[in-house]
Every structure is written in C-alpha cells, then in structure tokens.
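Residue numbers (our numbering): 63 to 238.
Backbone N, C-alpha and C fix where the C-beta goes; we use that ideal spot for every residue, glycine too.
In this text the structure is predicted, and so the values were computed from the model without any measurement.
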C-alpha cells in the first residue's frame, strides 16, 4: 500500500483541555478523579481496541482523515510517550521533555500499514503500561512537575488527564 495523503497538521495545543472542556469531544478534566486514572485508561483503550475488530478498521473515512487503525497506533504511541514523561517526572521533580510530534511519528512508523489486530495488541500493551505507571504513584508524586519543550508545565496528575483526554477524544473519532 502506498503512503496515503497526509492529514493537515494538528496545530491545536491540546493542553488547553486541562483548564476548560474540550469543544470538540466534551471532555472535562475537572470531572476526573485521579485514583480512577488507571481504570479509565484501560476502559477507554478497550473501546478503541474493540473498534479495530469491526470491518473497515483500516479504511480512512476521508482521504486526509486517519483510519481507526491509525488512531489506535497514535494512541499507543501517546500512551508510551506519556508513561515515559511520567517516569521522568517521578525520577526528578521539574523534569523536562521535548515536544512530541504525533504527525511525524505517524509518518515515520507508517501507521497505515499496521494490521488491525497488531494495532489493538500494541495499544492494549502500552495502555496497560501507562495505567500501571499512574497506579504506582504515591500521594506526594501526583503534584510533581515536568516541563514540555515549549515551556508548558504538567503535574503527574495533569499529564494523566491529558492522556485520558487523548483516549476520549480519539475514541470518539473512531466511534468507540
């Protein structure tokens, strides 16, 4: 399969959903309970992975819109990146991490070539790792901070909320 058309670049700073509800999917970070993060990560992931078992999971709904498989690969990478960032925060309060470009990651890994069952397996594995990382936090670690390359500061808690928004938002994108 040849490379499909590249979707337009995502220029939104999705960190804004940490301070106000997402206008696109309705996610409201203020409604989250941090002790529920691991369960939410697993539950939301299961919905996306189940979508990949349905017909058409590898088909794009429009030429520049990712297929459910591509969204699942993106979410698998997001889980891995956020768990890594959480690890950096736990290791050193005030950790710094680079801005991650999900669009470039999709091209480099050729998400569109992934078989649906492989995407589901990868998503579940990386989400389980992320859920375990948030489950392992001690009370004092939730407020530890890390700084993204653009200067935005996350706490371990807000980073988890950011991840959960990704799962909610893209779950809606694929009809999970």
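Simplified DSSP state of residue i, which is helix, strand or coil
i, result
"residue 105", "helix"
"residue 78", "helix"
"residue 233", "helix"
"residue 217", "strand"
"residue 290", "Past the edges of the chain, shown from 63 to 238, lies residue 290, and the structure says nothing about it."
"residue 84", "coil"
"residue 162", "coil"
"residue 146", "helix"
"residue 67", "coil"
"residue 140", "helix"
"residue 93", "helix"
"residue 239", "As shown, the chain starts at 63 and ends at 238. That puts residue 239 outside it, with no answer to give."
"residue 72", "coil"
"residue 100", "helix"
"residue 191", "helix"
"residue 204", "coil"
"residue 238", "coil"
"residue 180", "helix"
"residue 116", "coil"
"residue 199", "coil"
"residue 168", "helix"
Terminal residues of the beta strand (DSSP E) in which residue i lies
i, result
"residue 158", "157-159"
Residue i, enclosing alpha helix (DSSP H) - first and last residue
i, result
"residue 208", "Premise fails: residue 208 lies in the beta strand (DSSP E), 207-210, not in any alpha helix (DSSP H)."
"residue 173", "Where residue 173 is concerned, there is no enclosing alpha helix (DSSP H), given that its DSSP letter is neither H nor E."
Within 7 Å, strictly: CB atoms of residue i and residue j
i, j, result
"residue 229", "residue 182", "no"
"residue 131", "residue 178", "yes"
"residue 221", "residue 102", "no"
"residue 223", "residue 91", "yes"
"residue 219", "residue 96", "yes"
"residue 151", "residue 116", "no"
"residue 210", "residue 143", "no"
"residue 193", "residue 100", "yes"
"residue 208", "residue 214", "no"
Supposed close pair residue i, residue j - CB separation, criterion 8 Å
i, j, result
"residue 195", "residue 145", "5 Å"
"residue 168", "residue 136", "6 Å"
"residue 232", "residue 76", "Actually they are not in contact, since the Cβ atoms of residue 232 and residue 76 sit about 11 Å apart, beyond 8 Å."
"residue 80", "residue 140", "Actually they do not touch by this definition, with Cβ atoms about 15 Å apart."
"residue 185", "residue 134", "5 Å"
> Would you call the stretch 155-173 and the stretch 109-124 touching, i.e. three or more CB-CB distances under 8 Å?
Replying inline: no
> Touch check for the stretch 194-203 and the stretch 64-72: three-plus C-beta pairs under 8 Å?
Replying inline: no
> Are the stretch 184-194 and the stretch 102-110 touching, with three or more C-beta to C-beta distances below 8 Å?
Replying inline: yes
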